Every structure is written in structure tokens, then in C-alpha cells.
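So the sequence lines, in the order shown, correspond to chains A and B. Counting from 1 along the first sequence, just add 338 to a position and that's the residue number in the numbering used here. Counting from 1 along the second sequence, just add 338 to a position and that's the residue number in the numbering used here. Just so you know, even glycine gets a beta-carbon here, dropped at the ideal spot from N, CA and C. Given the structure is predicted, the values throughout are model-derived calculations rather than measurements. So the structure is just underneath, and the comments pick up after that.
Number of protein chains: 2
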Amino acid sequence: MSKQQNILIIGAGLCGSLLALRLGQRGFNVSVYEMRPDLRKVDISAGRSINLAFSNRGNKAMKLVGLEDKVKSLCIPMHGRMIHDEHGNTFQSNYSGRDHEYINSISRGDLNALLLNEAETHKNVNIYFNKKCKSVNFEKTTALFQDYETKDEFVEDADIIIATDGAGSTLRKSYYLGKKFLFSFSQEYLTHGYKELSILPKENGGFKVHKNVLHIWPRGSFMLIALPNLDGSFTVTLFLSYDEGEYNFNNLTTEERVLEFFRKEFPDALALMPNLVEDFFENPTAPLGTVKCSPWHYKGNTLLMGDAAHAIVPFYGQGMNASFEDVVVFDNVLDQHEGNWETVFREYEKTRKIDTDAIADLAIDNFHEMKDHVANPIFQEKRKLEMALEKEFPDEYSSKYSLVTFNENIGYREAMLKGRAQDKAILNMLTDKDIEVKGDLKRILDKVKQETEAILEDDRIAGLKH
Amino acid sequence: MSKQQNILIIGAGLCGSLLALRLGQRGFNVSVYEMRPDLRKVDISAGRSINLAFSNRGNKAMKLVGLEDKVKSLCIPMHGRMIHDEHGNTFQSNYSGRDHEYINSISRGDLNALLLNEAETHKNVNIYFNKKCKSVNFEKTTALFQDYETKDEFVEDADIIIATDGAGSTLRKSYYLGKKFLFSFSQEYLTHGYKELSILPKENGGFKVHKNVLHIWPRGSFMLIALPNLDGSFTVTLFLSYDEGEYNFNNLTTEERVLEFFRKEFPDALALMPNLVEDFFENPTAPLGTVKCSPWHYKGNTLLMGDAAHAIVPFYGQGMNASFEDVVVFDNVLDQHEGNWETVFREYEKTRKIDTDAIADLAIDNFHEMKDHVANPIFQEKRKLEMALEKEFPDEYSSKYSLVTFNENIGYREAMLKGRAQDKAILNMLTDKDIEVKGDLKRILDKVKQETEAILEDDRIAGLKH
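Spelled out as C-alpha cells, the structure:
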């Protein structure tokens, strides 16, 4: 394959700009078309999540492209969840019993800008903004764009097209509407939507609450979370049903009702948010959806990657990490099969899809865990026990959360199967009093391992796949 | 609510004609628009499955509308599966250990004609053919139709619209494309497609092979099945991958290859099918898809029912039975909430969707079971044991298959949860030699019950839902 092959990337978000950088490093001619203006010049944060949780799988991609150190300077470590109850009491629940395992709050815009800057240092990478993709002809490997400013439409031709244009992907829509092949597709919405709010910095620029945690106000059927930003502010997100329960997005229509809701449910948060009402009515309410599809590619012509192929809900903090990991897996498949795009695309999907399906399901599990289980006594006991096991046996035990978040060399699917079996083992043994939090840890570790293996084996015999 | 309310039904297939009949019996003004010609006057069987498996859930609906006896005369009982191995050896595996439990082969066309005839006996029911629905305005409760013959388009208004227009539903498409509300939707295709073939009757009109069974040639990654028809023929269906394995639909392109495939894999079937090649190249290859969506209704205006709301793959023989059960459940909700369509539609979906989701998943499980597990020794042992338990303890034990097929007063979801737990219990106990097929049946029954309960309890504690 000639390195002079032309690759067209649709979308210069986090996945597209990382992919452009990596393919540029590999020597391809890369053209990226992005529908939004250049975020390094124009503030376009409105309506999108402002900060994200960055962890090991994302960092593995940063190592691949040589950006680990630069990204580190953008990160605020979060060592655990700071749980706020109805009375304003707090307690911290760490993400791991190992001190070096934590997640990071990072600005979407800063990270995207870094990747765009790095990509553009390669002469063979060109990025064009304000060009909206209207459709893709996946049989001819061409894409139709419209320039936002001039309104002119133009067609771009390429050897291959990779769409990293997010949950509302135009290429995916072209696959669906084209009906040229059997296209499996799902979009599943939660009953809940989300709205971003904020806790502003202190007047001196400091943080109003503890900086190095993910704050969470779990309330059973809804919740509030807050992640720190480098400027001392927190981005706060309310996850709430559209139409169920006493308070919901559909009936929080007046200042009075919004304040009443926060006074009742989140009094300590409200005290930090004098700007609540303004934020609430200025910012949009957005849906929470999961997208899965297959095939991701059409022959050796076009490929979906990142959210375009597998949009997930945000509750595992893995959306961006999964998209970055896509690029690592793709790069690895390229090492093996470069020269035959159809094989590359097929092998990539075959290798990758079982893992992105798994993280989609795990993220929905965590929706329930975060709003509900973190405040449930038996789940809290499990969590305590797992922290103790991870601390005492750092090389022998990892919780489901650790497997998913901190073990970048284990796929999401393997992490899910093992993690769910461990959870089931521990919850059942705690309930049956086979183990207790204050018991001998070595004995508990052995019992958990044994019971986890038995659960996995029983499922294998029954031919169960979950 | 005035009984003079106008109900528009889109689609006069099995579900639509049954619904029209039932709503006609309840006194509503019912108009049904069907895109095909009247199947009582024109043969339109091409490309659709010619016969179906009819069982208890479907029969419950026939009882509701007073047609149990008339339908019975259309039925050919099938007491079990007749399994054909590669060498032409056969053995029969019954569907139940209880003699009165069996399924029936029935002609789709004959059953549909009966329902149309019965519906038209009601003056308040009118059925129009050759009228294709092009779109539904679910906010105004109107539907746009086109007459096939005159090509004229016209709009029909109604108090409510119910779409029973199958897996490719126009109303569902209008929900999806309308983007007026969050619409969760999935279409999932199997890697396999199907093609209908036939075994013709003997010259004297008799059956060439045993009539009262479902014949099956399981071959691991593909299979052939045959269901009897009243005229002495069998409708044969080949389930095969589109593009995987040595033989697949994409590479079975010549007479020679088709014959070679059948000679090698299905020699005894081939001997009964001198018309194989002709059938193979005349009949279409069709995909196997599952459709799920939510919400099924828009306010109190429009509702999806039958395959339009939940298309499933055919491997549990439950597609038509599930659609008929929809009408029974809907009728029951009408008894409770008639007078408020929005409440009727909401309660109907809330009651029904968990069960149609379950049968969709069970049908996919059975795809693997039929082509693969029926020839697997441990699954055969399980099956033998379950037959013995059902025979010995008819009131105390029902297999998953029996729960799904013969227990119409248990919902699909409950049948799935209990049935899967039983399967897991038996397969694991057989593997661990905790029980054996020749053991004491009472002891085995007790162990199976106990272990099933333990599995369900463990899942409940772990918060698992499958």
C-alpha cells in the first residue's frame, strides 16, 4: 500500500483528531472535515459536556502518540467519590485500594485543542472547519459536504473514509437509509436526561469544595454530580427523569420549583450555587442514549469509529476512553494487516465490537449503581471489602470498577464478565453471612476467587453469555 | 366513551384482522386498510412463511373471539421434533412429557382468511384492500394512503390509529423519522437468512414422511426444518449463513452446488425433494431480524401492535402466538381503562413490553438450541430428564419450552426467568454428576426445584435482571 493513500476523516472531535494525529504519524495523507468552527478560536462548549473523566485506557492512547506528559498537565486527579447525603453529610469512597489508581477530570476543549495542534504539526494532515457532512456514498467512497459560511456544497473523494462524527453520525445514517446491506442498529434512551450546571470558583480562584474527588449526591431515582475544572470551578450535572417522580425535567418549569427541589434534595450543593436558577434555565436538557450497530464498515471503503459506532451513557466515565482505545486497537490491527483495508476494517470490528458492546452495558449498570446502590448498605459493605482486598492484595484482587477503569490491558468484555461474577459472589456471600467485612482478608480473598470461578463455570456450562 | 368511536387499523394480517374482529365485537367502528390484495381472492403467499406453529397463547385469543373450534379444523398437531442426522437416522424428541401438550402446524393464509371472514360479519367493521399506508401523522391522528390501482392518495382521519402493519411498520417509521419524542428503537439481524422449499405430497395425496412432528435436520451452524400442510405437502425452510462456512447463501449460486450441499448434508431430505433446485432458485432468500422499540404509542392517538411493535425470529414458533396474545392483553386493559385511550395505551405497553422483549430473546436462544444443542449429548440428557419429570410429575414440573409454549397464563418473562434458571440448574447438576438421567425422579425433582430457586435468589441479590 502506498503511504500516499488519502484518508478522509469526518469529524474533528476527540476521536477524529486523535485518529488524524496517529494516521499522520503513520505517514498517510489525512484530510479532516469538521462541521463546527475551530474550537481553538471560538467558544463552542454550549450544550456539550465540558469536562470528562480521563483514565488508563485513554492514557494508553496518549502514550501511543507521545502525548502522555502534555495531557498530564491538563488533569485533575479524582481519587474517589465524595458522597453527599440529604443532610449534607459527606463520606469518601475511593475508586481503588491502590493509591496509584485514580481517574482524572479533564476539559474536553483543552484536550481536543491539544490533539488538533499536534495533528497539524504533520504536513500530511489537513483539518477543515465549518464543513458539514451531509451524506456519504459508501459505494463510491465519496462524501458530500456543505460549507457553513458560503453554503456551497462539494464532494470529496478518498481512498477510505472514516467517520468519527459522533452519536449522530452521518455515515451511520447513510448505512441505515441506504438499505444496501443488512444493518443492525439500536438507539436506546434512558428515562432520564441531564442538564449541566456549575459551582463557580471562590473569589480568590480556589475550589469551594474538595477538589480531588468526584462529588455525588445520590438520591435513588436521580442524582447530581460535580467534577473539578482547572480554574477552580466545578461542572455540575443533574441526572433526572423527564416525566416520572415528584420533581422531573418536565415539571421543573419555574424558579420557585427548581429552588424548592434543590433546597429539599441538595441543600449543601445549593449553598454553593447562587447561579443555579440562571444555569438551569439557560442550559439545555439533553437525552442519554446508547447506540450500537453492525457492521461498522462497508467493504474496504468506509468505517465508523468512536461514538459514531458505539455511543454510550456517561456513567462509567468511559466514553472518551473507549473512543481513544478504538484508535489503539485500530493501530494494532493496521500493524498486522496494513495493505488490505477490507481486512483491516473486518478484523478491527471483530476484535473491538465485543468490548464496546460490553462498556455500553456496563455504563447502564453504573447509572443504577451511582444513583442508587452507592447509598445502599450491602453495596457499601461490598465496596469496603473490595477496597480492603485491593489494599491488602494489590496484585491479586481488582474490583469490577478497577478492571474496567485501571486495567487497560484487559478488554471491557473480560472485565465485565469477571467483574459481574465477583460482584455476584460478594453480594451473595455477604447476604448469606459466609463472609463479613471484619473477617480474615486472606480467607475472604480465597472464597471470593473460588466463588467467582464457580459462577463463571456454571454460566459456561449453561451456555450463558452475559 | 361513545362506542361510535372510529378506530383505524393499518394492516389486515393475522394481528390486524384479529384486532378488527375483537374491537368489532366490542362495538367500535373499525376501518382496516391493507396494502395487499384480498388473500381470499388472490394467491399472495410468495415470499412469506406459508405455515406457522400455533399453540396455547394463540389459542387463548381464539377462545376470546369464539373461534377455537373453527381454528382446530385447520390444525395439524406436531407432538415433537423428529431429528434427522447426517446418515438419515431419525429420533423423535417430544415437546412435552404431557400427552395433551403439543403444537400445531397451520396455514397462514387459511387462518387469516377465517379471521377476515369473521371480522366482516360485523357491520361496524370494514376492510379495504390494495391501500398502502405511506405515512402517519401521529399528532393529528391521520394516515396517508395510496390506492394501488388508481394511484390516488387520500387521508383518513380517526379517533385512534392502531398499526398492525408488521416488521416494516409505517407508523413505526413515522415515529422514528418524526423526531418529536425520544424513540428507542433496535433492528438486529442474525448472520443467517432463510429460504422456503417444499416436500410435495405423494401422488395419492398422502404425506411422504411422518406427519405429526416438526422435522429438523440440525447441522451445528445451519439447519433445515419441515412443517406439514393439510394437502400432504411439507413447507421446508433452510436456515443458513449469508457468507460464512463452506456452503452459504452467497455461494450457493449453481444447481450443482445446491445439489452437492444437500447430498452431503441432507441426503434423506433431498430424496424427498425432486423439486429442490427449482424451489431454491425461484424462492427469495429472506433475512431474520428482531425489532424492539419504545414507546409503542403516541399519547392517546396511535399505537403499534404485533410485529410492528416487536418482530421476532421464528425459532420459538411464537411470532403469531405473541401477536395474538397482544390482542388478549389489550382487550384486558380495555376492560379496566376503556374511556381513556392514553391510559389504555400506556398500561398496555407497561404490561406487555416486558413479555415481548422476553420472547424476542428466547427466540434467539432457540436459534442456537435448534441448530446446535438438539444434537449435543448434554442437552439431549437434559431433554430426556425433563420429559421424564413432566410425565411423572405433570402438575409439578414444566420445562422452559413448556412454560413458554403451553402455559398461556404465565407471561413470557416469567417463563424465561424460571426456564433459564431450570436449564442452568439441570445442565450444571448433570455435568457435576449431582443427578443422572437414571436416578430417582422424585429426588431429582426436589434437587432441580431447590437449585432453580437458589439460582433465582442469587440473581435477585446481585441485582441481575436476566
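- At a Cβ-Cβ threshold of 8 Å, residue 735(A) and residue 700(A) do not count as neighbours.
- Inter-segment contact for the region 731-745 of chain B and the region 434-441 of chain B is present: three or more beta-carbon pairs are separated by less than 8 Å.
- Ranked by Cα distance from residue 571(B), the first of 559(B), 611(B) and 587(B) is 611(B).
- Residue 597(B) and residue 652(B) have their C-alpha atoms some 26 Å from each other.
- Under the Cβ criterion of 8 Å, residue 639(A) is not counted among the residues facing chain B.
- Interface flag for residue 766(B) against chain A is set, since a Cβ pair is found closer than 8 Å.
- Contact with chain A is found for residue 526(B), since one of that chain's Cβ atoms lies less than 8 Å from the residue's Cβ.
- Runs of the alpha helix (DSSP H) lying entirely within the region 567-632 of chain A and spanning at least 4 residues, in chain order: 593-603, 605-609 and 614-620.
- Cβ-Cβ distances below 6 Å link residue 553(B) to 420 and 564 in the same chain, with the five nearest sequence neighbours on each side left out; the list follows chain order.
- Residue environment for residue 760(B): buried (at least 16 other C-beta atoms within 10 angstroms of its C-beta).
- Judged by DSSP in its simplified three-state form, residue 657(A) adopts helix.
- The C-beta distance from residue 398(A) to residue 687(A) rounds to 20 Å, too long to meet the 8 Å contact threshold.
- For residue 411(A), there is no enclosing alpha helix (DSSP H), as DSSP marks it with neither H nor E.
- Here residue 693(A) is buried: its Cβ has 16 or more other Cβ atoms, across all protein chains shown, within 10 Å.
- Going by DSSP, residue 520(A) is part of no alpha helix (DSSP H) at all; its letter is neither H nor E.
- Chain order gives no chain B residues near residue 738(A), where near means a beta carbon separation below 8 Å; the closest approach is about 12 Å.
- Here the region 632-643 of chain A makes contact with the region 671-682 of chain A; the two share three or more CB pairs at distances below 8 Å.
- In the structure shown, residue 440(B) falls within a coil segment according to DSSP collapsed to helix, strand and coil.
- Residue 782(A) and residue 792(A) have their alpha carbons spaced roughly 15 Å apart.
- Against chain B, a Cβ distance below 9 Å from residue 472(A) picks out nothing, because the smallest value is about 17 Å.
- CA-to-CA, the gap between residue 540(B) and residue 500(B) works out to about 44 Å.
- By the Cβ test, the region 409-424 of chain A is in contact with the region 441-451 of chain A, since at least three Cβ pairs between them sit closer than 8 Å.
- For the region 680-724 of chain A, there is no continuous beta strand (DSSP E) assignment of 3+ residues that stays within its boundaries.
- Rounded to the nearest angstrom, the Cβ distance from residue 368(B) to residue 463(B) is 5 Å, consistent with a contact under 8 Å.
- Along the region 608-622 of chain A, none of the residues has a CB nearer than 7 Å to a CB of chain B.
- Taking 7 Å as the Cβ-Cβ cut-off, the region 506-540 of chain B approaches chain A at 520, 522, 523, 524, 525, 526 and 527, given in chain order.
- Taking C-alpha positions only, residue 468(B) is separated from residue 378(B) by approximately 13 Å.
- For residue 510(B), the secondary structure class from DSSP, reduced to helix, strand or coil, is helix.
- Non-local beta-carbon contacts of residue 375(A) in its own chain, meaning distances under 7 Å to residues more than five positions away in sequence, involve 382, 467 and 468 in chain order.
- For the options 623(A), 477(A) and 482(A), the alpha carbon positioned closest to that of residue 530(A) is the one of 623(A).
- With a cut-off of 8 Å on Cβ pairs, the region 581-593 of chain B is not in contact with the region 640-655 of chain B, counting fewer than three such pairs.
- Spatial neighbours of residue 721(A) in its own chain (CB-CB distance under 7 Å, excluding positions within 5 residues in sequence) are listed in chain order as 431.
- Residues 347, 368, 370, 457 and 463 of the same chain have their beta carbon placed closer than 6 Å to that of residue 358(A), with the five preceding and five following residues left out of the count.
- Collapsing the DSSP output to three states places residue 400(B) in a helix.
- The beta carbons of residue 392(B) and residue 659(B) sit about 7 Å from each other, so the pair counts as a contact at 8 Å.
- For the options 770(B), 555(B) and 684(B), the alpha carbon positioned closest to that of residue 429(B) is the one of 555(B).
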